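Everything below concerns the one structure shown next.
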Amino acid sequence: MGSEKTFHMTPEEFRRHGHAVVDWIADYYARIESYPVLSRAEPGQIRASLPADPPAKGEPFPAILADVEKLILPGVTHWQSPNFYAYFPSNASGPAILGDLLSSGLGVQGMLWATSPACTELETHMLDWLVHMLGLPQKFLSTSSGGGVIQDTASSASLCALLAARERATNFASNQRGCDGKLVAYTSSQAHSSLEKGAQIAGIGRNNLRLIEVDETFAMRPEALARRVEQDYRAGLVPFFVCATVGTTSSNAIDPVPAIARICGEHKLWLHVDAAMSGTAALCPEFRHTHAGLELADSYCFNPHKWMFTNFDCDCFYVADRKALIQTLSVLPEYLRNKATETGAVIDYRDWQIPLGRRFRALKLWFVIRHYGVEGLQHHIRQHVAWAQKFADWVRKDDRFELAAPVPLNLVCFRHRGGDEINQSLMDRLNRSGDLYLTHTRLNERLTLRLCVGQTNTTARHVEKAWKRIQQEAAK
Ligand SMILES: Cc1ncc(COP(=O)(O)O)c(C=O)c1O
Numbered sequence: 338m339g340s341e342k343t344f345h346m347t348p349e350e351f352r353r354h355g356h357a358v359v360d361w362i363a364d365y366y367a368r369i370e371s372y373p374v375l376s377r378a379e380p381g382q383i384r385a386s387l388p389a390d391p392p393a394k395g396e397p398f399p400a401i402l403a404d405v406e407k408l409i410l411p412g413v414t415h416w417q418s419p420n421f422y423a424y425f426p427s428n429a430s431g432p433a434i435l436g437d438l439l440s441s442g443l444g445v446q447g448m449l450w451a452t453s454p455a456c457t458e459l460e461t462h463m464l465d466w467l468v469h470m471l472g473l474p475q476k477f478l479s480t481s482s483g484g485g486v487i488q489d490t491a492s493s494a495s496l497c498a499l500l501a502a503r504e505r506a507t508n509f510a511s512n513q514r515g516c517d518g519k520l521v522a523y524t525s526s527q528a529h530s531s532l533e534k535g536a537q538i539a540g541i542g543r544n545n546l547r548l549i550e551v552d553e554t555f556a557m558r559p560e561a562l563a564r565r566v567e568q569d570y571r572a573g574l575v576p577f578f579v580c581a582t583v584g585t586t587s588s589n590a591i592d593p594v595p596a597i598a599r600i601c602g603e604h605k606l607w608l609h610v611d612a613a614m615s616g617t618a619a620l621c622p623e624f625r626h627t628h629a630g631l632e633l634a635d636s637y638c639f640n641p642h643k644w645m646f647t648n649f650d651c652d653c654f655y656v657a658d659r660k661a662l663i664q665t666l667s668v669l670p671e672y673l674r675n676k677a678t679e680t681g682a683v684i685d686y687r688d689w690q691i692p693l694g695r696r697f698r699a700l701k702l703w704f705v706i707r708h709y710g711v712e713g714l715q716h717h718i719r720q721h722v723a724w725a726q727k728f729a730d731w732v733r734k735d736d737r738f739e740l741a742a743p744v745p746l747n748l749v750c751f752r753h754r755g756g757d758e759i760n761q762s763l764m765d766r767l768n769r770s771g772d773l774y775l776t777h778t779r780l781n782e783r784l785t786l787r788l789c790v791g792q793t794n795t796t797a798r799h800v801e802k803a804w805k806r807i808q809q810e811a812a813k
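Just add 337 to the spot in the sequence shown (first one is 1) and you have my numbering.
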């Protein structure tokens, strides 16, 4: 038996190559600022550099790792560069990377409590910790009627919320019979596109997702929501779901959740609050006002994988009534039956999400929270907000530029007063230079530049440099 042929990596080889990979990652972070932030690869360039056929014989590990450097890095946009200000961040950190590595090492598939009790129980515990850390409503605790679960993304969380809302509204009949085209959902015209996708997938239909108009701060107008709901009732339709956003993707607008919640309460509509990036700010008591009204929500999500130093993917999704979610998503085939499930004393997270299988994501959250402590997380979030506010001040003081939206937290929307072409060219030149990476949106029909301060390693020096570079390019 001992002489059986194997192609596997031995534990000793794994140890050696593993050390090399960790060294590589540490070196990568040390030199990350020497790369152009936005990859300069042309379409097809990376594929063209790869062999057409897979290797018939295995290759030595150092050769594989060397090819990461040679073939892959040119096609990488450096999301972990401190000069990354594009989109919303997808930040990582040492403890998260190591937690994720351990998750891979354990290779656990945590679909049921029984398939790895620690995977489920650590997750429940982390999600409860986060309720306290963010000052979320107590009803989201696992010890109350609700509870939290880690989803891959905010898109999945919103989809699960839509599905549970659909079932609650139809007394769990649409799971059996499908939808009849009468259910209507609402969100603002500034909400993330995942709501549209969710409405498609959940069988609601895009035509039945109302995009409610926004005010001058790009936040949903509650009176417009109320009018539209009334109109739909009069037309014989069935309003059932509202998604409010705390920190919209375009401009970080904060919908008036208390007023929206009152309308939802009046008509018994499911209220989901999407705080994908900005939820993390609630770690700091002084930013918790952004969560006003959350105690009236049926569900809520935020992404530690955006701004809480936890590698993609990690979205925390909470419901006030876990029974509605579980009844919506639970299907129990014989091969998954087990004693623990039957006792009713355990959580099976497969019933809280779309896929069956799930990774041990709670490990990286646990590592992040324990490494930084609440104090460390608050420190970095406060700094990001302070630097974004400083940047906004510089914009205000430069006659060539203007702010395009309020700056409640760490996203600055601004533009050159010279018009769309100038802004487009400014952004293109900055991004081509490799010195920083920022992206755009359209606000009030005008091209607007977005600078989001949220990358783990961004410091005051980087933000100052970004502003200098923007000024230099604008002067050209
Ligand atoms: C407000 C908001 N919701 C949802 C999403 C989608 O996030 P995810 O990639 O986790 O689905 C984003 C992404 O930026 C977002 O800004």
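Note that CB positions come from ideal geometry on N, CA and C, so glycine has one too.
Just so you know, these numbers come straight off a predicted model, no measurement behind them.
Confirm the yes/no value for this check: CB of residue i, any heavy atom of ligand 1, distance under 7 Å.
i, result
"Asp592", "no"
"Ser531", "yes"
"Ser453", "no"
"Thr585", "yes"
"Asn640", "yes"
"Thr582", "yes"
"Phe646", "no"
"Tyr424", "yes"
"Ser441", "no"
"Ala433", "no"
"Thr524", "no"
"Thr490", "yes"
"Met470", "no"
"Ala613", "yes"
"Asp652", "yes"
Sort the options by Cα distance to residue i and report the nearest one.
i, options, result
"Ala393", "Ala367, Glu671 and Phe344", "Phe344"
"Glu504", "Trp607, Pro348, Glu560 and Ser479", "Trp607"
"Ser495", "Glu801, Asp635 and Val358", "Asp635"
"Ile826", "Tyr366, Trp689, Asp465 and Glu810", "No answer is possible for residue 826: the residues shown for the chain start at 338 and end at 813."
"Gln513", "Glu379, Thr665, Leu546 and Pro595", "Thr665"
"Asp611", "Phe654, Ser427 and Ile807", "Phe654"
"Ala501", "His753, Ala661 and Ala510", "Ala661"
"Pro373", "Val358, His415, Ala367 and Ala400", "His415"
"Asp569", "Ala729, Arg547 and Tyr672", "Arg547"
"Leu763", "Leu786, Arg779 and Asn747", "Leu786"
"Gln808", "Ala403, Asn781 and Asp736", "Asp736"
"Glu379", "Asp517, Arg769, Tyr686 and Gly355", "Arg769"
"Asp316", "Tyr424, Phe425 and Cys456", "Any property of residue 316 remains undetermined from this structure, which presents the chain solely from 338 to 813."
"Asn428", "Gly535, Tyr366 and Ala561", "Tyr366"
"Pro641", "Gln488, Arg625 and Arg564", "Gln488"
"Ser530", "Ser492, Phe738, Gly791 and Glu810", "Ser492"
"Asn794", "Val566, Val405, His354 and Leu714", "Leu714"
"Ile383", "Asp404, Pro397 and Glu396", "Asp404"
"Val722", "Trp644, Leu410 and Leu673", "Trp644"
"Met463", "Ser453, Ala619 and Ser479", "Ser479"
"Gly540", "Phe555, Leu520, Asp650 and Gln527", "Leu520"
"Cys601", "Glu632, Ala572 and Gly573", "Glu632"
"Ala522", "His609, Pro391, Phe509 and Gln792", "His609"
Alpha carbon to alpha carbon, what distance is there between residue j and residue i?
i, j, result
"Cys497", "Ala797", "39 Å"
"Val677", "Glu370", "The sequence given here places Ala at residue 677; Val does not occur at that position. Approximately 50 Å, taken between the alpha carbons."
"Phe697", "Pro419", "28 Å"
"Pro595", "Pro670", "41 Å"
"Cys848", "Leu784", "Since the first and last residues shown for the chain are 338 and 813, residue 848 lies out of range."
"Pro559", "Ser525", "10 Å"
"Phe639", "Glu341", "49 Å"
"Gly442", "Phe704", "15 Å"
"Ser386", "Leu408", "7 Å"
"His469", "Ala812", "48 Å"
"Ala515", "Ile691", "Note that residue 515 corresponds to Gly in the displayed sequence, not to Ala. When rounded, the distance between both Cα atoms is 17 Å."
"Phe667", "Trp450", "In the sequence as presented, Phe is not what sits at residue 667; that position holds Ser. So the two alpha carbons sit approximately 14 Å from each other."
"Met448", "Gln761", "46 Å"
"Gly542", "Ala506", "16 Å"
"Asp658", "Leu473", "15 Å"
"Met557", "Gly535", "19 Å"
"Ala357", "Ile597", "53 Å"
Next on the checklist: Between the segment 567–577 and the segment 600–615, can you find at least three pairs of beta-carbon atoms closer than 8 Å?
Outcome noted: yes
Next on the checklist: Restricting to runs no shorter than 3 residues, where is the beta strand (DSSP E) found entirely within the segment 652–735?
Outcome noted: 652–656
Next on the checklist: Does the structure place the segment 731–751 close enough to the segment 581–596 that three or more beta carbon pairs sit under 8 Å?
Outcome noted: yes
Checklist entry - Can you give, in chain order, each stretch of the beta strand (DSSP E) that sits fully within the segment 371–456 and has at least 3 residues? => result none
Checklist entry - If we count Cβ pairs, one from each stretch, closer than 8 Å, do we get three or more for the segment 672–687 versus the segment 706–722? => result no
Checklist entry - Hey, which unbroken runs of the alpha helix (DSSP H) at 4 residues or more fall wholly within the segment 458–529? => result 491–506 and 511–514
Checklist entry - Which runs of the alpha helix (DSSP H) spanning at least 4 residues fall entirely within the segment 740–787, listed in chain order? => result 757–770
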